[in-house]
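The sequence shown: position 422 = 403 (our numbering), numbered continuously. I have placed the structure first, in the form of structure tokens, so that the comments after it can refer back to it.
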Amino acid sequence: MSRTILRGRVLSFHRAPQGIDDVESYLYLEDGAVSIEDGLVVAVGDFAEAETAGAVIIDHRPHLIMPGFIDLHLHYVQSNIMAAYAGSLLEWLNTYTFIEEQKFSQQGHADAVAVDFYDALIRHGTTTAVAYCSSHPRSVDAFFAEAQRRNMLMVGGKVMMDRNAPEGLLDTAQSGYDDTKALIARWHGRGRGLYAISPRFAITSTPEQMEAAQALVAEHPECYVQTHLSENDAEITYSMELYPDAKDYTGIYEDYGLLGRKTLLGHSIHLSHRETTVLAETGSVAVFCPTSNLFLGSGLFDCERLMSNGVRVGVATDIGGGTSVSMLRTLDEGYKVLQLKGQRLNPLASFHMATRGNAEALGLEETIGSIAPGRAADLIVLDSGATPTMRLRKSTLGSLAEELFLLQTLGDDRAIAEVYVAGARAKSTLGGL
Ligand code: GUN
Ligand code: ZN
């Protein structure tokens, strides 16, 4: 059995840091060794104490070895429409998104975009993502087949949408149910794939389809649920017109039994106190999508209010409403959004959120998101001097927190020197790939 040891500085979080000085919340090794066997981390500790006999040693010093990033919300079928010029959410959906997603009725198109999408994820150091596919089952097949080919842990599902979109995207309550059922049987638990039941949002699902989603959730508690919540004022108004009996937007999903610890709610920006309480009580996850929320002018996520009320929070790119595949760029924009709210997202907290925090949001903290024996060897190697501008700031750094802040403020895919997926090298700047 071959063993590989990655040598370098190592950073992995045990829990959410309570402040910038919370050194107990993470493991940091100045000269560390991460031992990998059969795709798993088998040991982590000081290099001087590592069992090196018979191991292949890859030296990543002076770079920083971390768990791969986890992106909690994106649309792989929107990979080709990032940076589309539109005023706000509903115009953007109608003008670009619903046009683009219709192309995924073609298997060849879906297969080709899936390859480009995974290449982009790896280039940016994201080793797990939770994705919306289009309404076409073949888009889901392309998504999971390519994930399996690359041995990546990916979560995704077919969007269920039976109204308020072009004919070429619409399913029906029954076909959405049947197709989802078949896709769960085909892909959930196959390789590292996990399924997310995905009613797109209240506007594009009839009450009959919501009932079908409710049945799926009841029949498949092993699956995730993902949808969009309270992203934009016009969206909220229209949703309440379509569901006049609901208490509020959150109440629509609540009424159909769609909330719970496996439910990921993209955006969750404009929430009342009641809605916040319902999210907290059900354990649903509010997903912060900063680049998208800024790009579409949707609003400023109130991280502090949600967290202080006990809501579980994660962070995501929301490609293609989002403007970067990079979780570093996403953390940077998240920091700026919270600055505008008078809130601070310290760099330890943001890197925790993009790794272990998002793993906890998925209930997968025993599998991904940290570096410890038994965890998947889904790892990235970060170079905080990747560009001339970064090198200038690097020369004045005083602490690990400052280095992380430099990485998130000035970094992008160029700062991702290496990526390992289940112990295999997927991106390398050392050559050989
Ligand atoms: N709400 C419903 N669908 C979408 C989508 O594709 N992107 C975003 N940002 N919001 C949505
Ligand atoms: Zn989205």
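Each residue gets a CB set at the ideal place from its N, CA and C atoms; glycine is no exception. These numbers were taken from a predicted model, which means no experiment stands behind them.
Report whether the distance from the Cβ of residue i to the nearest heavy atom of ligand 1 is below 7 Å.
{"i": "Phe182", "result": "yes"}
{"i": "Gly302", "result": "yes"}
{"i": "Leu11", "result": "This sequence places Glu at residue 11; Leu is not what is there. It does not: the Cβ of Glu11 is nowhere closer than 7 Å to a heavy atom of ligand 1."}
{"i": "Ser253", "result": "no"}
{"i": "Ser(-7)", "result": "no"}
{"i": "Leu151", "result": "no"}
{"i": "Glu212", "result": "yes"}
{"i": "Ser305", "result": "no"}
{"i": "Ser179", "result": "no"}
{"i": "Thr109", "result": "no"}
{"i": "Thr78", "result": "yes"}
{"i": "Leu70", "result": "yes"}
{"i": "Ser273", "result": "yes"}
{"i": "Leu223", "result": "no"}
{"i": "Leu74", "result": "yes"}
{"i": "His209", "result": "yes"}
When you measure from the CB of residue i to every non-hydrogen atom of ligand 2, does any distance come out below 7 Å?
{"i": "Asp229", "result": "no"}
{"i": "Tyr205", "result": "no"}
{"i": "Asp299", "result": "yes"}
{"i": "Gly247", "result": "yes"}
{"i": "His56", "result": "yes"}
{"i": "Tyr113", "result": "yes"}
{"i": "His117", "result": "no"}
{"i": "His41", "result": "no"}
Is residue i near residue j, with beta carbons less than 8 Å apart?
{"i": "Met308", "j": "Asp52", "result": "yes"}
{"i": "Gln398", "j": "Thr410", "result": "The residue you asked about is not Gln; residue 398 is Ala in the sequence shown. Yes, the Cβ-Cβ distance between Ala398 and Thr410 is below 8 Å."}
{"i": "Leu74", "j": "Ser279", "result": "no"}
{"i": "Ser(-7)", "j": "Ile352", "result": "yes"}
{"i": "Met135", "j": "Ala112", "result": "yes"}
{"i": "Ser380", "j": "Met371", "result": "no"}
{"i": "Gly49", "j": "Ile361", "result": "yes"}
{"i": "Val37", "j": "Gly13", "result": "no"}
{"i": "Leu105", "j": "Val268", "result": "For the sequence presented, residue 105 should be read as His rather than Leu. Contact flag unset, no."}
{"i": "Ala95", "j": "Tyr57", "result": "yes"}
{"i": "Ile46", "j": "Leu(-13)", "result": "yes"}
{"i": "Ala128", "j": "Gly172", "result": "yes"}
{"i": "Thr76", "j": "Ala67", "result": "yes"}
Taking the alpha carbon of residue i as the reference point, which residue from the options has its own alpha carbon closest?
{"i": "Leu240", "options": "Gln59, Thr185, His254, Pro202", "result": "Pro202"}
{"i": "Leu388", "options": "Thr311, Val400, Gln129, Ser351", "result": "Thr311"}
{"i": "Val198", "options": "Gly68, Thr231, Tyr237, Ala166", "result": "Tyr237"}
{"i": "Ala177", "options": "Leu246, Asp229, Arg131, Ser211", "result": "Leu246"}
{"i": "Glu216", "options": "Ala196, Tyr205, Arg181", "result": "Arg181"}
{"i": "Asp152", "options": "Ala193, Asn132, Gly172", "result": "Ala193"}
{"i": "Tyr219", "options": "Thr187, Glu235, Tyr205", "result": "Thr187"}
{"i": "Leu102", "options": "Ile300, Leu8, Tyr230, Tyr9", "result": "Ile300"}
{"i": "His54", "options": "Thr107, His90, Gly26, His254", "result": "Thr107"}
{"i": "Thr257", "options": "Ile361, Ala110, Val292", "result": "Val292"}
{"i": "Ala261", "options": "Val37, Gln59, Glu222, Val294", "result": "Val294"}
{"i": "Ser60", "options": "Ala93, His209, Glu30, Ala29", "result": "Ala93"}
{"i": "Leu275", "options": "Gly(-11), Leu319, Ile62", "result": "Leu319"}
{"i": "Gly20", "options": "Ile39, Ile46, Met133, Ala31", "result": "Met133"}
{"i": "Phe282", "options": "Gly264, Glu341, Ala227, Ser211", "result": "Ser211"}
{"i": "Tyr230", "options": "Ala183, Ala367, Val266, Arg286", "result": "Ala183"}
{"i": "Gln190", "options": "Arg173, Cys270, Thr161, Leu345", "result": "Thr161"}
{"i": "Ala342", "options": "Trp168, Ala110, Arg242", "result": "Arg242"}
{"i": "Cys114", "options": "Leu150, Ala335, Asp100, Glu18", "result": "Leu150"}
{"i": "Ser120", "options": "Glu148, Asn145, Leu378, Trp168", "result": "Trp168"}
{"i": "Thr(-15)", "options": "His41, Glu5, Tyr9", "result": "His41"}
{"i": "Gln324", "options": "Ile80, Met288, Ala31", "result": "Met288"}
{"i": "Thr244", "options": "Leu252, Thr263, Asp226", "result": "Thr263"}
{"i": "Val266", "options": "Ala126, Tyr205, Lys228, Ser273", "result": "Tyr205"}
{"i": "Tyr401", "options": "Ser179, Thr33, Ile39", "result": "Ile39"}
{"i": "Arg337", "options": "Tyr7, Arg255, Gly(-11), Asp122", "result": "Tyr7"}
Would you list the one or two residues that DSSP bridges to residue i?
{"i": "His201", "result": "Its beta-bridge partners do not exist; DSSP assigns none."}
{"i": "Arg(-10)", "result": "Leu45"}
{"i": "Lys408", "result": "Val400"}
{"i": "Leu326", "result": "DSSP output for Leu326 lists no bridge partner at all."}
{"i": "Gly13", "result": "Gly(-11), Asp27"}
{"i": "Met141", "result": "Pro180"}
{"i": "Leu8", "result": "Ser(-7)"}
{"i": "Asp52", "result": "Ala110"}
{"i": "His90", "result": "Answer by DSSP bridge pairing: none, since His90 is not bridged."}
{"i": "Leu21", "result": "Glu18, Ala357"}
{"i": "Asp40", "result": "Arg(-12)"}
{"i": "Ala267", "result": "Leu246, Val294"}
CB of residue i to nearest heavy atom of ligand 4: below 7 Å?
{"i": "His201", "result": "Absence of ligand 4 is noted for the structure shown, with ligand 1 and ligand 2 being the only ligands found."}
Within 8 Å of any Cβ in chain D, is that where the Cβ of residue i sits?
{"i": "Asp283", "result": "Included in the structure is just one protein chain, with no chain D present."}
Open item on the list: For the region 127 to 141 against the region 151 to 163, do three or more pairs of beta-carbon atoms, one drawn from each stretch, fall closer than 8 Å, so that the two count as touching?
Closed with: Yes, the region 127 to 141 touches the region 151 to 163.
Quiz item: Three or more C-beta pairs closer than 8 Å, one from the region 324 to 339 and one from the region -6 to 11: is that the case here?
Solution: Because the criterion of three Cβ pairs below 8 Å is met, the region 324 to 339 and the region -6 to 11 touch.
Next on the checklist: For the pair the region 374 to 392 and the region 313 to 322, tell me if three or more CB-CB distances fall below 8 Å.
Outcome noted: The answer is yes - the region 313 to 322 touches the region 374 to 392, with three or more Cβ pairs under 8 Å.
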